[in-house]
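Please read the structure below before turning to the comments.
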Amino acid sequence: MAALIDGKAVSASVRAEIAREAAILRDKGMIPKLAVILVGDDPASAVYVRNKHKACIEVGIEPLQITLPAETPEDELLSLIDKLNSDTSVNGILVQLPLPKHISAQKVIDRIAPDKDVDAFTHDSVGRIVEGRYGFLPCTPAGIMKLLEYYNVTISGKNCVVIGRSNIVGKPMALLLLNASGTVTVCHSKTVDLPSVTRRADILVAAVGIPRFVKSDMVKPGAVVIDVGINRLPDGKLCGDVDFDAVSEIASMITPVPGGVGPMTITMLMQNTITAAKRAIER
Ligand code: GUN
4 MAALIDGKAV SASVRAEIAR EAAILRDKGM IPKLAVILVG DDPASAVYVR NKHKACIEVG
64 IEPLQITLPA ETPEDELLSL IDKLNSDTSV NGILVQLPLP KHISAQKVID RIAPDKDVDA
124 FTHDSVGRIV EGRYGFLPCT PAGIMKLLEY YNVTISGKNC VVIGRSNIVG KPMALLLLNA
184 SGTVTVCHSK TVDLPSVTRR ADILVAAVGI PRFVKSDMVK PGAVVIDVGI NRLPDGKLCG
244 DVDFDAVSEI ASMITPVPGG VGPMTITMLM QNTITAAKRA IER
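The numbers in our numbering rise by one with no breaks, and the one at position 172 of the sequence shown is 175.
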């Protein structure tokens, strides 16, 4: 039976450290501040934004929440970002995705000043991740790396398989594992005979967005299984991309949903905001 990777517990311990860092900054007269912009009324986004707000309060970061109507014109959002870029009291800027269809997410992201890009989504941040010269850490992949470190999972030399190639999770996850000397394979919807690839994984990361997609015959006995999925079932319950009950029988470690990767993502956002505030003080 697999051991549970407890994201809530690790998150609490990392957040306690972040709170200490925030208190030190406040003693120096720097109040770390995170601007979170939500455009429209996507219910899932509203929940994520609320959780980010709560986490800020918990660790001593000042949240600046800006909610705009769905019909906000693109140029208005770009002007708001310009304003936040030049506001020295703001350390980090996050625009919650997805954005309404008439707004180009890429254009908006690229408008964020690289030194306030706490999501690590701008070209500057992505380039640094490719080079292993991190500015800000991509939140979900960095949270997963923290979990692996906390549970003493060796990455160097291991077969690491990532299912999913999104810009937010799959691609940066593959890069962090590669930078940690894993042998990395990225699978996606066109991968031929997916189970034969995933069965080679010592560390398997599922980020596909399909409920219980990873079955036990896709997992190598003893593998460490990381589930990034947050899927809502028709009965309202949350479930991951991994068939948890069956895969738990053969994996050595596994993250639950909820309570695995999820809490770590927001924690790493808090960490990036502290990093931004520290750098602002040094300038
Ligand atoms: N939407 C889903 N995940 C994310 C994320 O990590 N950052 C932002 N800004 N939007 C998201």
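Ideal Cβ positions, reconstructed from N, Cα and C, are used throughout, including at glycine.
This one's a predicted model, so the numbers in the text were calculated from it and none came from an experiment.
- Under the DSSP assignment, T270 falls in the alpha helix (DSSP H) whose first and last residues are V264 to E285.
- In the displayed model, L100 falls within coil according to three-state DSSP, outside both helix and strand.
- D120 has its Cβ no nearer than 6 Å to any heavy atom of the ligand GUN.
- Judged by DSSP secondary structure, E65 falls within the beta strand (DSSP E) whose first and last residues are E65 to L71.
- Looking only at S159, V227 and V211, the smallest Cα-Cα distance to D205 is reached by V227.
- Taking the CA atoms as reference points, R286 sits about 11 Å from A279.
- Boundaries around I166 are those of the beta strand (DSSP E), N162 to I166, since no alpha helix (DSSP H) includes it.
- Taking non-hydrogen atoms of the ligand GUN into account, the C-beta of Q274 is found less than 6 Å away from none of them.
- For L37, there is no enclosing alpha helix (DSSP H); the enclosing beta strand (DSSP E) covers residues K36 to V42.
- Per DSSP, I115 is not a residue of any beta strand (DSSP E), being assigned neither H nor E.
- DSSP, reduced to helix, strand and coil, places L140 outside both helices and strands of the structure shown, so it counts as coil.
- Taking every protein chain shown into account, the CB of A209 has 16 or more other CB atoms within 10 angstroms, so this residue is buried.
- In the three-state DSSP reduction, G95 falls in the strand class (E or B).
- Leaving aside the five residues that flank T125 on each side, the residues in its chain whose CB is nearer than 8 Å to its CB run, in chain order, I112, D113, I115 and P117.
- Taking L37 as reference, the option from V50, G185, D90 and A145 with the minimal CA-CA separation is D90.
- For the pair of segments examined, the stretch 129–145 was found to touch the stretch 163–182: the number of CB pairs separated by less than 8 Å reaches three.
- The C-beta distance from H56 to P66 rounds to 5 Å, short enough to fall under 8 Å.
- Short of 8 Å from the beta carbon of M256, and not among the five residues preceding or following it, lie these beta carbons of its own chain, in chain order: A5, A6, L7, I8, Y154, V156, V227 and V228.
- Put simply, the backbone Cα of L97 is about 21 Å away from that of L28.
- When P266, S159 and N94 are compared, the shortest CA-CA separation from A183 is found for S159.
- Leaving aside the five residues that flank V264 on each side, the residues in its chain whose CB is nearer than 8 Å to its CB run, in chain order, G10, T143, G146, I147, L150, I229, D230, V231 and T258.
- Sorting G239, I233, L236 and A249 by C-alpha distance to the C-alpha of V222 places A249 at the top.
- Contact between L102 and V42 holds, with the beta-carbon distance rounding to 6 Å and staying under 8 Å.
- Boundaries of the alpha helix (DSSP H) harbouring D248: F247 to S251, taken from the DSSP string.
- Not one heavy atom of the ligand GUN sits closer than 6 Å to the Cβ of L140.
- The straight-line gap separating the alpha-carbon atoms of I132 and G138 is approximately 8 Å.
- Non-local beta-carbon contacts of F216 in its own chain, meaning distances under 7 Å to residues more than five positions away in sequence, involve A209 and D244 in chain order.
- The beta-carbon distance between I64 and P35, rounded to whole angstroms, is 5 Å. This is short enough to meet the 8 Å contact definition.
- Taken through DSSP and simplified to helix, strand or coil, V50 comes out as helix.
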